[in-house]
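Going down the list, the sequences are from chains A and B. For the first sequence, counting from 1, position 48 maps to 48 in the numbering used here; every step adds exactly one. For the second sequence, counting from 1, position 34 maps to 34 in the numbering used here; every step adds exactly one. Structure record follows, encoded as structure tokens.
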Amino acid sequence: VSDDPAIRTAALEALLVEKELLSTDAIDAIVEHYESDLGPQHGARVVARAWVDPDFRDRLLADGTAAVQELGIGGAELNTLVAVENTAEVHNLVVCTLCSCYPWPLLGLPPRWFKEPAYRARAVAEPRSVLREFGVELPQGTAIRVWDSTSEVRYLVVPRRPPDSDGASEEELAARVTRDAMVGTALL
Amino acid sequence: VTDPPRANGELVFEAPWESRAFGIAMALRERGVLDYERFRAALIDRLGDGEADYYCGWQDALERVLVESGVVSAGELERARAESHDSARRSNHRH
């Protein structure tokens, strides 16, 4: 029997369809939903709103789950959302050391590196080196806080607003927010 | 409408089978066939075992939980694999 994962996956799908537990269309629809409907554009809207609306920022930092619900964002993977804000003093970095817990409704599916054993182990042990490999050089005086996601708690990094963005509209600001910045592996 | 963060995203799935493995688990979860917390624990086990490929670990964990909870049997899985292997070979010979 083959160990080719493509054959194993096709076999499981065929078996479940045969047992009428699933349809191929249902799987297609779910994959399409996760690939297209969810994504970092939703997290970017949240960050841009926090930048332009100090009251919203305060609500977001106090209760992330409730604040993003105001923007119509929620779902199974967001039972408890904790938003953490980058400042000149503190930089936040998110990891899931055990597997790949990630705020899907805000950021979509996690990138491959987020799931790699190397990132999962090293983000905690040597975050400054990991960040350097992502091209992020922080001043020595900036503390790094690492947040370990769990099945209960997911994190969103609120990056620092780009210095040259005065006068930009909320929508223009959202366009500048990247996925990696919301995980903490990039600056804007 | 701005939608640019997607532009700096990378491919989520590197091969079609990875997206199928993902979709099967999520569809079973939605239907209440898969106990997702149990699956997550099995995935954590598998990745902790040193399985380096994430979706191979995913597939292993999914099969393990489905067999343990009686949704499919190991024998059924083996038969389905043999069939899927044969049909993949046939389609390789078609072109």
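Glycine included, each C-beta is placed from N, C-alpha and C at the ideal position. Being a predicted model, the structure only gives us computed values, none of them experimental.
- Taking a C-beta distance under 9 Å as the contact criterion, glycine 23 of chain B and isoleucine 30 of chain A qualify as a contact pair.
- With its beta carbon less than 9 Å from one in chain A, valine 33 of chain B belongs to the interface.
- Here DSSP, grouped into helix, strand and coil, assigns glutamate 137 of chain A to coil.
- For alanine 11 of chain A, the nearest beta carbon of chain B is closer than 9 Å to its own beta carbon.
- For threonine 9 of chain A, the enclosing alpha helix (DSSP H) begins and ends at 5-18.
- For valine 177 of chain A, the three-state secondary structure derived from DSSP is coil.
- Within chain B, the residues placing a beta-carbon under 7 Å from that of arginine 8 of chain A are Gln59, Arg81, ordered along the chain.
- Contact annotation: alanine 27 of chain B and glutamine 59 of chain B have beta-carbon atoms that are not nearer than 9 Å.
- In the structure shown, aspartate 37 of chain A adopts helical secondary structure according to DSSP, grouped into three states.
- Following the DSSP letters along the chain, one finds threonine 80 of chain A inside the beta strand (DSSP E) bounded by residues 80-85.
- With fewer than 16 other Cβ atoms from the protein chains shown falling within 10 Å of its own Cβ, serine 23 of chain A counts as exposed.
- About 7 Å separates the Cβ atoms of phenylalanine 114 of chain A and valine 183 of chain A, confirming a contact at the 8 Å cut-off.
- Nearest Cα to cysteine 99 of chain A within the set B:Phe13, B:Glu76, B:Tyr36, B:Gly48: B:Gly48.
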